[in-house]
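Each protein sequence line maps, in turn, to chains Y and V.
Going by the working numbering, 892 is the number at position 214 of the first sequence; the sequence numbering is gapless.
Going by the working numbering, 92 is the number at position 26 of the second sequence; the sequence numbering is gapless.
The beta carbon of each residue, even a glycine, is placed where N, CA and C say it ideally should be.
The next block holds one structure in the form of structure tokens; read it before the comments.
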Amino acid sequence: MRLLLVEDDAMIGAAAQEGLRREGHAVDWVTDGARAQAALANGVYDAMLLDLGLPKRDGLSVLRDVRGKGSDLPVIVITARDAVADRIAGLDAGADDYLVKPFDLDELAARLRAVARRRAGRAAAVLHVGDLELDTAARRARWKGREVALSAREFALVETLAERPGAYFSRAQLEDRLYGWGEEVGSNAVEVHIHALRRKLDPSVIRTVRGLGYSLAGE
Amino acid sequence: MTSIRRSLLVWLLSSVLAGGIGAAGVVFVQARIEVNDIFDYQLRQLALTLRDRTYFPNDFADSLTGEESLDVVIQVWAADGTLLYVSPANMVVPNAVQLGFGQVVASGGRWRTYATQQRGLTIQVAQPLAVRNRLAFTAAWRTLLPFVVALPLMGLLIWRLVGRELKPIETAAQAVARRSPQSLDAIETANVPVEIEPLVTALNGLLGRLSGALEHERQFIADAAHELRTPLTALRLQLQLAERARNDDERARSHAALREGIARAVRLVEQLLALARQDPDVPAEARAVDLAVAAHSAVDGHAASAEAHGLSLGVEAPAEPVVVNGDAASLRTLLDNLIDNAIRYTPSGRVDVRVLREDGRAILEVEDTGPGIAPSDRGRAFDRFYRAEGAPQGGSGLGLAIVRRIADKHGGSAELLDSRSGHGLRVRVSLPLAA
Chain Y
679 MRLLLVEDDA MIGAAAQEGL RREGHAVDWV TDGARAQAAL ANGVYDAMLL DLGLPKRDGL
739 SVLRDVRGKG SDLPVIVITA RDAVADRIAG LDAGADDYLV KPFDLDELAA RLRAVARRRA
799 GRAAAVLHVG DLELDTAARR ARWKGREVAL SAREFALVET LAERPGAYFS RAQLEDRLYG
859 WGEEVGSNAV EVHIHALRRK LDPSVIRTVR GLGYSLAGE
Chain V
67 MTSIRRSLLV WLLSSVLAGG IGAAGVVFVQ ARIEVNDIFD YQLRQLALTL RDRTYFPNDF
127 ADSLTGEESL DVVIQVWAAD GTLLYVSPAN MVVPNAVQLG FGQVVASGGR WRTYATQQRG
187 LTIQVAQPLA VRNRLAFTAA WRTLLPFVVA LPLMGLLIWR LVGRELKPIE TAAQAVARRS
247 PQSLDAIETA NVPVEIEPLV TALNGLLGRL SGALEHERQF IADAAHELRT PLTALRLQLQ
307 LAERARNDDE RARSHAALRE GIARAVRLVE QLLALARQDP DVPAEARAVD LAVAAHSAVD
367 GHAASAEAHG LSLGVEAPAE PVVVNGDAAS LRTLLDNLID NAIRYTPSGR VDVRVLREDG
427 RAILEVEDTG PGIAPSDRGR AFDRFYRAEG APQGGSGLGL AIVRRIADKH GGSAELLDSR
487 SGHGLRVRVS LPLAA
């Protein structure tokens with residue numbers, strides 16, 4: 679997933695970004711509300727992690743703005759305030775979920791998967807597409823019942839494709855989902871991952887159509 | 067425990083009883099005197115009457131009949147001492163020997179006697195003194211009786227009345243008992259009697275101060291809990307990253323971040339404690355402290371840190387001492403915070419510490435060449451946990467709050483000004499000079 683992390687504390691921001699990257703997510707990190715707004719205007723994100731206590735622009739106002747524009751972007755609010763009233767304010771402003779500091783990296787990842795699933799309209803953590811089975815919680819893939827070892831990037835790539843089987847994703851779209859700002863993207867990085875996936879699963883599992891992009895074969 | 071009600075009851079009843087007994091005593095003494103006079107008169111009259119009747123010795127015995135009903139013993143002796151007559155028959159009272167009034171001791175106690183002589187016959191009339199005492203005692207007892215009868219009634223009345231009058235104290239006590247650290251409102255003084263009003267007013271004053279102090283503590287703890295979450299969150303994430311490091315390089319980076327996170331958490335806790343120690347309600351200890359010496363020592367302590375940041379740190383103070391009354395440790399904390407802030411916020415340039423006297427006050431200034439604080443933000447900069455926008459990481463947001471509180475405790479003030487060079491911040495602390 680491509681995530682927008684809005685957190686003003688440098689240590690928390692750096693650690694959360696690093697941790698989520700290792701989970702296979704592309705994470706863009708901004709430190710204030712104004713920059714969050716700018717990033718949302720330009721980028722396509724699968725979810726936003728939003729700290730409420732932000733300089734320049736309060737997190738709640740960023741969130742209201744997002745919802746005001748009709749966006750259904752999944753948003754997890756991060757707050758140091760655990761008073762019920764604060765949580766209610768966050769949820770009422772349009773948050774899908776909230777995390778109270780100090781939170782756990784695993785909990786953060788799990789909640790991210792949960793809001794992503796809800797957005798995709800499914801409740802289970804396991805995706806089935808043909809012979810492919812993706813456990814998005816454990817980040818494990820099975821092909822025809824046999825466990826296949828995938829790298830974090832490979833898993834993120836096939837997960838993106840599996841969310842809409844049969845739909846085509848351009849190379850640029852996939853790069854966007856896999857890499858955050860400032861991350862070195864090799865010119866043929868996506869091709870390399872696609873190649874690896876075909877080798878590990880089945881050559882026919884991912885279709886390539888020049889001009890359209892890549893697609894996961896359905897049934 | 068002493069009880070006003072009980073001691074009032076005891077003392078009032080005792081006083082009434084003592085008054086009654088005193089009155090009865092007086093009555094007894096007076097009654098005795100009167101009874102004596104009357105009875106003596108009677109005795110004498112009787113004796114003289116007998117003397118006149120016994121003019122004819124032969125029938126004097128007959129002439130005495132009819133006197134036996136009197137509470138007296140009548141005896142007649144012949145000149146040779148033979149007892150000629152006694153009545154009542156079995157009562158013998160010794161001859162008092164003297165004529166007129168006398169007293170003898172005989173069976174049945176002391177007797178009052180009156181004797182007279184007539185033609186060789188001695189006539190003695192005697193009456194037991196106990197009769198007189200009994201009469202006087204009866205008179206005294208009649209005086210005392212109303213008091214004794216009224217005593218239980220008065221006791222009941224006193225108990226009730228005192229209880230009723232003490233009710234407001236009980237009410238006030240209940241009002242105090244209902245107070246808890248959560249509700250320290252003042253106690254209603256409208257129905258409190260003037261005698262205990264000062265107590266209730268003093269209590270209300272205490273409740274007010276207590277409530278303020280508790281509110282202050284509550285706010286501080288709430289703020290502290292909130293602020294501690296940030297470094298703890300960072301530590302938790304950094305630790306998880308370190309645990310999951312896939313290679314030595316990642317592990318080393320995670321450990322470095324973790325160390326930094328711990329340093330920040332430690333600093334925050336230290337600053338929180340420093341602030342908590344500067345209790346605003348406790349006035350500063352008053353010892354003579356030379357600000358110039360304190361400034362030199364603090365600058366010395368920060369020299370290494372300034373050098374590490376590439377800053378030029380200097381101190382400027384008059385040769386003669388600038389003495390203030392205060393707590394040396396607190397003033398050092400104030401200096402440390404100011405210099406530490408200046409070093410932290412100044413990317414390059416210099417930090418100057420200055421001590422001077424001005425208009426009878428001791429002035430301490432710390433000036434830097436950093437970004438400064440916009441005039442509109444300077445009021446809030448002294449608030450707890452306020453952090454300037456774009457402030458470097460790792461600050462606790464407590465430094466200036468600590469500075470202000472220490473200045474307040476010393477009867478001084480702290481303000482933020484533009485640096486003299488026009489670029490940077492100048493913090494100016496003004497303290498009263500020691501007399």
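- The C-beta distance from V:A206 to V:V93 rounds to 5 Å, short enough to meet the 8 Å contact threshold.
- Residues T814 and A815 of the same chain have their beta carbon placed closer than 6 Å to that of Y:A803, with the five preceding and five following residues left out of the count.
- A Cβ of chain V is located within less than 7 Å of the beta carbon of Y:G697.
- Looking at the DSSP output, V:L430 sits in a beta bridge with V:V421 and V:V495.
- Within the stretch 798-822 of chain Y, no residue has its Cβ closer than 8 Å to any Cβ of chain V.
- When the Cα atoms are used, V:A144 and V:Q190 turn out to be separated by approximately 12 Å.
- For Y:M689 against V:E309, the beta-carbon gap comes to about 17 Å, at or over 8 Å, which does not count as contact.
- Under the Cβ distance rule, Y:I690 counts among the residues neighbouring chain V, one pair being separated by less than 7 Å.
- Using a Cβ distance threshold of 7 Å, V:A467 and V:R450 count as a contacting pair.
- Assigned with DSSP and collapsed to three states, Y:R759 falls in coil, not helix or strand.
- Out of V:A172, V:G186, V:N102 and V:P384, the CA that lies nearest to the CA of V:L150 is found in V:G186.
- Assignment of V:E261 by DSSP, reduced to helix, strand and coil, places it in the coil class.
- One Cα belongs to Y:A798, the other to Y:L769, and the distance between them is close to 20 Å.
- For Y:R759, the closest alpha carbon among the candidates V:A288, V:A447, V:S371 and V:S396 is that of V:A288.
- When beta bridges are read from the DSSP output, V:P194 appears opposite V:W177.
- When Cβ-Cβ separations below 7 Å define contact, Y:A693 makes contact with chain V.
- Remark: C-beta atoms of V:G478 and V:N403 do not approach each other more closely than 7 Å.
- In this structure, DSSP gives V:T182 an extended state, which the three-state scheme calls strand.
- Taking 7 Å as the cut-off between beta carbons, the residues of the stretch 292-305 of chain V near chain Y are H292, R295, T296, L298, T299, A300, R302, L303 and Q304, in sequence order.
- As a beta-bridge residue in DSSP terms, V:F167 pairs with V:Y180.
- Comparing C-alpha distances from V:A447 to each of V:V432, V:V417, V:R420 and V:V493 shows the shortest one belongs to V:V493.
- In its chain, beyond the 5 residues on either side, A358, V421, L422 and R423 have a beta carbon closer than 8 Å to the beta carbon of V:P384.
- One finds T296, P297, T299, A300 and Q459 in chain V with Cβ atoms closer than 9 Å to the Cβ of Y:D687, taken in chain order.
- The continuous beta strand (DSSP E) containing V:Y151 extends over residues L149 to S153.
- Rounded to the nearest whole angstrom, the CA to CA distance from Y:A763 to V:I235 is 43 Å.
- 7 Å or more divides the Cβ of Y:L732 from the Cβ of Y:G702.
- By the neighbour-count definition (other C-beta atoms within 10 Å, threshold 16), Y:R888 is an exposed residue.
- A buried status is given to Y:L698, since no fewer than 16 other beta-carbon atoms sit within 10 Å of its beta-carbon.
- Interface criterion not met: the Cβ of Y:L681 is under 7 Å from no Cβ in chain V.
- Under the Cβ distance rule, Y:L890 does not count among the residues neighbouring chain V, no pair being separated by less than 7 Å.
- For Y:R700, the chain V residues whose Cβ falls inside 9 Å of its Cβ are L307, R310, R312 and E316, in order along the chain.
- In this structure, the beta-carbon distance from V:S496 to V:R444 does not fall below 7 Å.
- Between the alpha carbons of Y:G860 and Y:D706 lies a gap of roughly 9 Å.
- Among the residues facing chain Y, V:G229 is not included, as its CB has no counterpart in that chain under 7 Å away.
- Taking C-alpha positions only, V:V417 is separated from V:G490 by approximately 10 Å.
- Sixteen is the threshold: when 16 or more other Cβ atoms of the shown chains lie within 10 Å of the Cβ of Y:E841, as they do, the residue is buried.
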